Amino acid sequence: MRLSVDHVTRYRFDRPVRGAVQSHRLMPSECHSQRVLDWQVEVTGGIRGGRFRDGAGDRIQGWTIPGPLAEIVVTVQGTVETVDLAGVLRGHRETVVPDAYLRDTPLTAASVALADLAAAAQGGDMLSLAHALSGAVTAAIAYVPGATEAQTTAAEALAKGEGVCQDQAHALIACARLRAIPARYVSGYLFAGSTSPPQQAAHAWAELHVAGLGWVGFDPANACCPDARYIRIGSGFDAQDAAFIRGVARGAAAAEGGESLEVAVAVHAAEQ
Amino acid sequence: MGYFDEMNGGANGGGSNARPPYARLGDWLQSMPAELRSLKQAEAEALFRRIGITFAVYGEGGDPDRLIPFDMFPRVFSGAEWARLERGIKQRARALNAFLVDVYGRGEIVRAGRIPARLVYQNEAYEKAVAGFVPPKGVYSHIVGIDIVRTGPDEFFVLEDNCRTPSGVSYMLESREMMMRMFPSLFRENRIQPVDIYPDKLRRTLTSVAPQKCNGAPTVVILTPGHFNSAYYEHSFLADLMGVELVEGQDLFVDGEFVYMRTTEGPKRVDVIYRRIDDAFLDPLCFRPDSMLGVPGLMDVYRSGGVTICSAPGAGVADDKAVYTYVPEMVRFYLGEEPILQNVPTWQCGKPDDLGHVLANLAELVVKEVHGSGGYGMLVGPKSTAEQIEAFRAKISANPANYIAQPTLSLSTVPTFVEEGVAPRHVDLRPYCLVGETIELVPGGLTRVALREGSLVVNSSQGGGVKDTWVLAE
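So, in structure tokens, the structure goes:
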């Protein structure tokens, strides 16, 4: 499938800031399920900083944006050719060992309810257990936009029984780790058809490390494994660690003034 | 229990003839009447107070500018004793750095089954963010502080390794300065190797690990959390002696591919940062997003070769107390050598068999938290009451993997000035090994002394003091 992405992130500051520094994880992963045809990231007035590939295989690019600034616009535009590998991550070079992803973070910390959910899942082998865990999360946390916030933990989302893809991914990661399966958060894009609302095109799911297969993606939000509709960008322990953009604004005004954020993402199936 | 006294050789200071390295100190002691001694002690205190070398003690609520007690009776090593220690320390520092490069790379030692994967990769100090990155010259820990205790003429044990930012080197330098001022004759009578070359060697070590993108003479800075930090004195002291800037996070900023410091003449590029702040606070874009101490974007510059951070982020995975057990194995695995310095036998409460042994013998053991430091959160069995032991038993049982236990060692003693005159007090040693392009050790270190009679806890936060440490030229 040929997917094109338009992703615009707009930061607005009520009072101009002296400048900003950002770290971007915005380049598609290099793996067998996807091939980049073209891809550009632009930052209005930005200066490119250090660029490297991290131990998890993600392309990281630093940026500094000199001020004074009232607005920062980050534009991502590109086209990727994808194939369906049933969620299995192949041909992806990385140094971090799977065992490193057995560690909790505040967003994915266990709770009694998460432990119960994890313990109830049945599976003859690791792969079927992984499917069962993903299914359990889909059943336990309903997709309700606006029910949770960026800082909501897996435990809180489960207690509420509602959340978005971020919460479902966090809950699956927590459950997998409780069953001693290394698990991580994946940020990316999803082509959900031409009728879906635009904010849904930025997506998140989880990868579980299944012995013999390697990393396998599970998307509890859509009760499936990533296929040709998915573009993988990067991974981390949780949403914060795998974020597209991490940044801070500089200067006294940054501490006092308000800031607003607007994100628009559109993924189209391009004409062949 | 008998103790080895470093001056008299015998147990409990029982020997009559001084061991050779201490031979001349007997006469010195004889020639110093009690009045002169108290005069000198007062002088030392006044000097320390004036230069401002004080130590804030965490959690005691007392005087934040409390002086760390200085004892005038030096601790002495012969050249031969030191030569062996030096070989052992350098060997250990090499192995620890090889381990760090390995576990952030291919992890051969884990694959070979020589250390459990859990201890490495699920360690809180393991930084996924630097996996696959090899710092300049392959060095993660540029200043390795190795805590050593002695139990006999030839028996030395490593108590713990400090690979992140070992503190206390300012006391080594100040104690020497103090002794030379107060007792110049001692330095004529004894051939004492100098330690004042340390700042110069430290600066050379730091410049030797300048990043890939640095061309020209590297600019080095010390990054401190600020004046409220208990080691702030040391940060400013070292900056002065090395002739480099002391900066806080807000003095540095990232622009493009590099880090700069604000100066009166405008921004100046910084190549090497000797940081005295923890990994978690280095960069809010990579670690804790709420950190105000660090430099936003620093880790992107670091990982793309624009700046060197010393010690390298992630170095802490080599020095926790559970990983410590495996350091002799690291020496064999990476260097193909037998360890020159021995570990203290250690039980890991996370292992069921070890836990049983520990719980059955608490009254004889020293128990420590895996990530603890500064002598906090530890139990010294033989010095504790039954209630204290029971309270600790409950803590261990609740979270066994958080504790390790060691036998209570008979730490050597060195004569020390006390109220009643001179009496043996227990000591340890922290030498500072510098690792850059070369590996170097200044002949000396920080000798900490437990001033309370019978006490085995030398931490300054627990009533310990310091002594000048001499290494004699052969």
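Protein chains in written order, with the working numbering: chain A, 96 to 367; chain B, 26 to 499. Note that beta-carbon positions come from the ideal geometry of N, C-alpha and C, so glycine has one too. Please read all numbers here as calculations on a predicted model, not as lab measurements.
Span of the alpha helix (DSSP H) around residue i
{"i": "B/Tyr327", "result": "Leu323 to Arg328"}
{"i": "B/Pro122", "result": "As written in the sequence, residue 122 of chain B is Asn, which differs from the Pro given in the question. Element bounds for B/Asn122: Gly104 to Val128."}
{"i": "B/Tyr223", "result": "Tyr223 to Ser233"}
{"i": "B/Asp179", "result": "First-last for B/Asp179: undefined, no H or E at that position."}
{"i": "A/Glu251", "result": "Ala249 to Lys255"}
{"i": "B/His396", "result": "Element bounds for B/His396: n/a, residue is neither H nor E."}
{"i": "B/Tyr378", "result": "Here residue 378 of chain B is Asp; the residue named in the question, Tyr, does not match the sequence. That run of the alpha helix (DSSP H) goes Pro377 to Ala385."}
{"i": "B/Val342", "result": "Unbroken run through B/Val342: none, as it is neither H nor E."}
Residue i vs residue j beta-carbon contact at 7 angstroms
{"i": "A/Leu197", "j": "A/Arg272", "result": "yes"}
{"i": "B/Ser435", "j": "B/Tyr146", "result": "no"}
{"i": "A/Val175", "j": "A/Pro123", "result": "yes"}
{"i": "B/Val395", "j": "B/Asn427", "result": "yes"}
{"i": "A/Ile43", "j": "A/Gln172", "result": "Since the first residue of chain A shown is 96 and the last is 367, residue 43 of chain A is not available in this structure."}
{"i": "B/Trp495", "j": "B/Pro45", "result": "no"}
{"i": "B/Glu354", "j": "B/Arg136", "result": "no"}
{"i": "B/Lys420", "j": "B/Lys346", "result": "no"}
{"i": "B/Ala305", "j": "B/Ser166", "result": "no"}
{"i": "A/Trp126", "j": "A/Gly186", "result": "The question names Trp, but residue 126 of chain A in the sequence shown is Cys. Against a cut-off of 7 angstroms, the Cβ pair of A/Gly186 and A/Cys126 comes out as a contact."}
{"i": "B/Leu366", "j": "B/Gly113", "result": "yes"}
{"i": "B/Gly170", "j": "B/Tyr457", "result": "yes"}
{"i": "B/Val326", "j": "B/Val279", "result": "yes"}
{"i": "A/Ala227", "j": "A/Leu212", "result": "no"}
{"i": "A/Pro284", "j": "A/Val100", "result": "One point to set straight first is that residue 284 of chain A is Tyr, not Pro, in the sequence displayed. In this structure, A/Val100 lies closer than 7 angstroms to A/Tyr284 by Cβ."}
{"i": "B/Met207", "j": "B/Lys376", "result": "no"}
{"i": "B/Ile334", "j": "B/Gln373", "result": "no"}
Chain B contact for residue i (CB, 7 angstroms cutoff)
{"i": "A/Gly162", "result": "no"}
{"i": "A/Ala227", "result": "no"}
{"i": "A/Leu132", "result": "no"}
{"i": "A/Ser118", "result": "yes"}
{"i": "A/Phe108", "result": "no"}
{"i": "A/Val171", "result": "no"}
{"i": "A/Ala234", "result": "no"}
{"i": "A/Val343", "result": "yes"}
{"i": "A/Arg113", "result": "no"}
Residue-chain proximity (residue i, chain A), Cβ-Cβ < 7 angstroms
{"i": "B/Val491", "result": "no"}
{"i": "B/Glu282", "result": "yes"}
{"i": "B/Tyr83", "result": "The predicted position of B/Tyr83 is uncertain, since its pLDDT is 42 and thus under 50; a value taken from the coordinates is nonetheless stated next. Judged by the 7 angstroms Cβ criterion, B/Tyr83 is not in contact with chain A."}
{"i": "B/Asp343", "result": "Per the sequence presented here, residue 343 of chain B reads as Ala, with Asp not at that position. Judged by the 7 angstroms Cβ criterion, B/Ala343 is not in contact with chain A."}
{"i": "B/Gln367", "result": "no"}
{"i": "B/Gly39", "result": "Because B/Gly39 carries a pLDDT of 49, less than 50, the predicted location of this residue cannot be relied on, and the following value inherits that uncertainty. It does not; no Cβ of chain A falls within 7 angstroms."}
{"i": "B/Val405", "result": "no"}
{"i": "B/Gly132", "result": "yes"}
{"i": "B/Asp88", "result": "With a pLDDT of 49 at B/Asp88, under the threshold of 50, the predicted position of this residue should be treated as unreliable, though the coordinate-derived value follows. Chain A, which has no Cβ nearer than 7 angstroms to the Cβ of B/Asp88, makes this no."}
{"i": "B/Val352", "result": "no"}
{"i": "B/Val279", "result": "yes"}
{"i": "B/Cys239", "result": "no"}
N- and C-terminal bounds of the beta strand (DSSP E) containing residue i
{"i": "A/Pro111", "result": "Arg97 to His119"}
{"i": "B/Pro432", "result": "Tyr428 to Pro432"}
{"i": "A/His304", "result": "Ala297 to Val305"}
{"i": "A/His265", "result": "Looking at the DSSP string, A/His265 is not in any beta strand (DSSP E); the run it does join, the alpha helix (DSSP H), is Cys260 to Leu273."}
The ligand ATP heavy atom lying under 6 angstroms from the CB of residue i
{"i": "B/Gln147", "result": "Ligands displayed in this structure: none; no statement on the ligand ATP is therefore possible."}
Quiz item: On the three-pair Cβ rule with 8 angstroms, is the stretch 224 to 243 of chain B touching the stretch 289 to 298 of chain B?
Solution: As far as the Cβ criterion goes, the stretch 224 to 243 of chain B touches the stretch 289 to 298 of chain B, which means the pair count is three or higher.
Quiz item: Between the stretch 129 to 160 of chain A and chain B, which residues of the former have CB atoms less than 9 angstroms from a CB of the latter, in chain order?
Solution: Ile142, Arg143, Gly144, Gly145, Arg146, Phe147, Arg148, Asp149, Gly150, Ala151, Gly152, Ile155, Gln156, Gly157, Trp158 and Thr159
Quiz prompt | Residues, ordered as in the chain, of the stretch 324 to 341 of chain A that lie near chain B by beta-carbon distance below 9 angstroms | solution = Gly331, Phe332, Gln335, Asp336 and Arg341
Quiz item: If you measure beta-carbon to beta-carbon, which residues of the stretch 190 to 215 of chain A are closer than 9 angstroms to chain B?
Solution: Those residues of the stretch 190 to 215 of chain A that come within reach of chain B (Cβ to Cβ, closer than 9 angstroms) are Thr190, Val191, Val192, Pro193, Asp194, Ala195, Tyr196, Leu197 and Arg198.
Quiz item: Is the stretch 302 to 317 of chain A touching the stretch 259 to 271 of chain A in the sense that three or more CB pairs, one from each, lie closer than 8 angstroms?
Solution: In short, these stretches touch, since the Cβ pair count reaches three.
Practice problem: Could you run through the stretch 134 to 156 of chain B and flag, in chain order, every residue whose CB is less than 9 angstroms away from some CB of chain A? | Solution: Val135, Ala142, Arg143, Val145, Tyr146, Gln147, Asn148, Glu149, Tyr151, Lys153, Ala154, Val155 and Ala156
Self-check item: Residues, ordered as in the chain, of the stretch 319 to 350 of chain B that lie near chain A by beta-carbon distance below 7 angstroms
Solution: Pro321, Gly322, Asp325, Val326, Arg328, Ser329 and Gly331
Quiz item: Is it true that the stretch 320 to 335 of chain A meets the stretch 141 to 155 of chain A, where meeting means three or more beta-carbon pairs spaced less than 8 angstroms apart?
Solution: Touching, per the Cβ criterion.
Quiz item: Relative to chain A, which residues along the stretch 295 to 321 of chain B have a C-beta separation below 8 angstroms, given in chain order?
Solution: Pro309, Leu310, Cys311, Pro314 and Pro321
Practice problem: Name, going along the chain, the residues of the stretch 198 to 210 of chain B whose beta-carbon falls closer than 9 angstroms to a beta-carbon of chain A. | Solution: If the cut-off is 9 angstroms between Cβ atoms, the stretch 198 to 210 of chain B has nothing near chain A.
Quiz item: Is the stretch 206 to 216 of chain A touching the stretch 237 to 256 of chain A in the sense that three or more CB pairs, one from each, lie closer than 8 angstroms?
Solution: yes
Quiz item: Between the stretch 440 to 451 of chain B and the stretch 197 to 211 of chain B, do at least 3 Cβ pairs fall closer than 8 angstroms?
Solution: no
Quiz item: If you measure beta-carbon to beta-carbon, which residues of the stretch 155 to 178 of chain B are closer than 8 angstroms to chain A?
Solution: Residues Val155, Ala156, Gly157 and Phe158.
Quiz item: Using 8 angstroms as the threshold, is the stretch 311 to 326 of chain B in touch with the stretch 105 to 125 of chain B, meaning 3 or more CB pairs across them?
Solution: no
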